[in-house]
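K.L.:
Going by the numbering used here, the first residue of the sequence shown is number -2, and it counts up by one from there. Even for Gly, the Cβ is constructed at its ideal location relative to N, Cα and C. Just passing along the structure, written as structure tokens.
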Amino acid sequence: MQRILVTGGAGFIGSNFVHHVLGRTDASVTVLDKLTYAASRESLDGLPEDRVDLVVGDVADQPLVERLAGEHDAIVHFAAESHNDNSLSEPGPFIQTNLVGTFCVLEAARRHGTRLHHISTDEVYGDLELDDPARFTEATPYNPSSPYSAAKAGSDHLVRAWVRSFGVQATISNCSNNYGPWQHVEKFIPRQITNVLDGGRPKVYGAGTNVRDWIHAEDHSSAVWTILERGRIGETYLIGADGERNNLEVVRMILEHLGRDADDFDLVTDRAGHDLRYAIDSSKLRAELGWTPSFPDFATGLARTIEWYRDHESWWRPGKDATEAAYAAKGQA
-2 MQRILVTGGA
8 GFIGSNFVHH
18 VLGRTDASVT
28 VLDKLTYAAS
38 RESLDGLPED
48 RVDLVVGDVA
58 DQPLVERLAG
68 EHDAIVHFAA
78 ESHNDNSLSE
88 PGPFIQTNLV
98 GTFCVLEAAR
108 RHGTRLHHIS
118 TDEVYGDLEL
128 DDPARFTEAT
138 PYNPSSPYSA
148 AKAGSDHLVR
158 AWVRSFGVQA
168 TISNCSNNYG
178 PWQHVEKFIP
188 RQITNVLDGG
198 RPKVYGAGTN
208 VRDWIHAEDH
218 SSAVWTILER
228 GRIGETYLIG
238 ADGERNNLEV
248 VRMILEHLGR
258 DADDFDLVTD
268 RAGHDLRYAI
278 DSSKLRAELG
288 WTPSFPDFAT
298 GLARTIEWYR
308 DHESWWRPGK
318 DATEAAYAAK
328 GQA
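The following block contains the structure:
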């Protein structure tokens, strides 16, 4: 696999994957990205120009995806609308990108016999009770609770159907919540970091007890490459780094790292349909493919992420005011 097509490769998780591939292999990468508000050319800065090419386009553009699929050995499909709050106010783009876009990718992979890896989320499984010792596994029934997670669940089912019906050479991964460089300031961790860097107070939904299972984007990238190289066709692998923390814990860690009082935050109106807890059991990935995270300690990865945002204000600053205004309009500022 010397020629890799990465859809959504200028977004947060996709760009981290592109950096991972170009830094650790001799493959070349073509990024297909619509360059919506959540993506940026800057996320690809510093990469060798002779090994990466950016194509600005829509993953739901069938002729474009068909042409690109025929020029590559593998497709890694990150492209998705992904912000839950946005899916509640305007679900249409989530259906178009996450379902129609995945259909276009699958049809292109089918016609050209291109190896495909499809990126999904743990949110397709719904949520767990806070006191439930269970974690999501590959056998957990789907129970999505938002237009975003429902659209991702649908895209997973499309992939499985195309594998079974048409023999598409595809794998799927469902990952826990990512954090790290290049994540838009609308997301939970970057929003809290940049609020504190601005001298403001972090904003925590509800009582702050909702739990997420955090993984650094670099670890997600290494897991995806491992699956692309060694994963069994038709299989699903869950990716996680045992990083369960509730929102209050995360906010207090950010405050303490930046020299602020651990209780210097505001509780704001909870968001609709807010899932209680996510937790990933990644034992299949670890046992079958030998993958392990390089950031098993969430505190270490979070500290590095905080410093990245401190050092890259010129990247996140232009979108900060508009993001906070949007939250204020919902009573969450």
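On the CB-based measure, 16 or more other CB atoms within 10 Å of its CB, does Q180 come out buried or exposed?
P.N.:
buried
K.L.:
Starting from the C-beta of M250, find all residues in its chain whose C-beta is less than 7 Å away, skip the five residues before and the five after it, and write them out in chain order.
P.N.:
Exclusion of the five residues before and after M250 leaves A296, L299 as the residues of its chain whose Cβ lies within less than 7 Å of its Cβ.
K.L.:
If I'm right that N175 touches I1 with Cβ under 8 Å, what's the distance once you round it to whole angstroms?
P.N.:
At roughly 19 Å, the Cβ-Cβ gap does not stay under 8 Å, so N175 and I1 are not in contact.
K.L.:
Give me the Cα-Cα distance between D55 and L225, rounded to the nearest whole angstrom.
P.N.:
23 Å
K.L.:
In this structure, what does DSSP give as the bridge partners for C172?
P.N.:
Bridge partners of C172: T118, I236.
K.L.:
So within the stretch 79 to 146, which uninterrupted alpha helix (DSSP H) runs reach at least 4 residues, ignoring any that extend past its ends?
P.N.:
Fully enclosed alpha helix (DSSP H) runs of 4 or longer: 81 to 86, 89 to 92, 98 to 109.
K.L.:
So if DSSP puts S218 in a beta bridge, which residue, or which two residues, is it bridged to?
P.N.:
Under the DSSP definition of a beta bridge, S218 lacks any partner.
K.L.:
Am I right that S170 and S117 are in contact with their C-beta atoms under 8 Å? What's the rounded C-beta distance?
P.N.:
7 Å
K.L.:
What are the uninterrupted segments assigned as beta strand (DSSP E) that are 3 or more residues long and contained completely in the stretch 39 to 84, given in chain order?
P.N.:
49 to 53, 71 to 74
K.L.:
Let's test the definition: count the other Cβ atoms within 10 Å of the Cβ of H217 and tell me whether it reaches 16, buried, or not, exposed.
P.N.:
Buried.
K.L.:
Can you name the residues that DSSP bridges to V201?
P.N.:
L264
K.L.:
Just how far apart, CA to CA, sit L125 and H17?
P.N.:
Cα to Cα, the separation comes out at about 32 Å.
K.L.:
Going by other Cβ atoms of all chains shown within 10 Å of its Cβ, with 16 needed for buried, is E78 buried or exposed?
P.N.:
buried
K.L.:
With the cut-off set at 9 Å, would you say D195 and K317 are in Cβ contact?
P.N.:
Annotated as proximal: D195 and K317, with beta-carbon spacing under 9 Å.
K.L.:
For Y34, collect the residues of the same chain with a Cβ closer than 8 Å to its Cβ; drop the 5 residues on either side in sequence, then sort them by chain order.
P.N.:
H181, G316
K.L.:
To the nearest angstrom, report how far apart L113 and A71 are at their CA atoms.
P.N.:
Taking the straight line joining both Cα atoms gives about 6 Å.
K.L.:
Which value, in whole angstroms, describes the spacing of the CA atoms of N140 and Y122?
P.N.:
Computed Cα separation, rounded: 5 Å.
K.L.:
Terminal residues of the continuous alpha helix (DSSP H) containing H181?
P.N.:
Per DSSP, H181 belongs to no alpha helix (DSSP H) and is neither H nor E.
K.L.:
Should N192 and K200 be called a contact, given that it needs their Cβ atoms to be closer than 9 Å?
P.N.:
yes
K.L.:
How far does the beta strand (DSSP E) with N243 in it extend, from its first residue to its last?
P.N.:
It spans 241 to 243 - the beta strand (DSSP E) in which N243 sits, taken as one unbroken run.
K.L.:
Leaving aside the five residues before and after Y306 along the sequence, list all residues of the same chain whose C-beta is less than 7 Å from its C-beta, in chain order.
P.N.:
P187, I190, T191, L194, W313
K.L.:
Please say whether G231 and S279 have beta carbons closer to each other than 9 Å?
P.N.:
Annotated as distal: S279 and G231, with beta-carbon spacing of 9 Å or more.
K.L.:
Determine which residues share a DSSP beta bridge with D318 and list them.
P.N.:
None; D318 has no bridge partner.
K.L.:
Measuring CA to CA, which of P60, G98, A204 is closest to E246?
P.N.:
A204
K.L.:
To the nearest angstrom, how far is the alpha carbon of K184 from that of R132?
P.N.:
23 Å
K.L.:
Starting from W211, trace the alpha helix (DSSP H) in both directions and tell me its first and last residue.
P.N.:
No alpha helix (DSSP H) holds W211; the beta strand (DSSP E) holding it covers 208 to 213.
K.L.:
Less than 8 Å between C-beta atoms, sequence neighbours within five positions excluded: which residues of the same chain meet that for L96?
P.N.:
Around L96: A148, G151, S152, L155.
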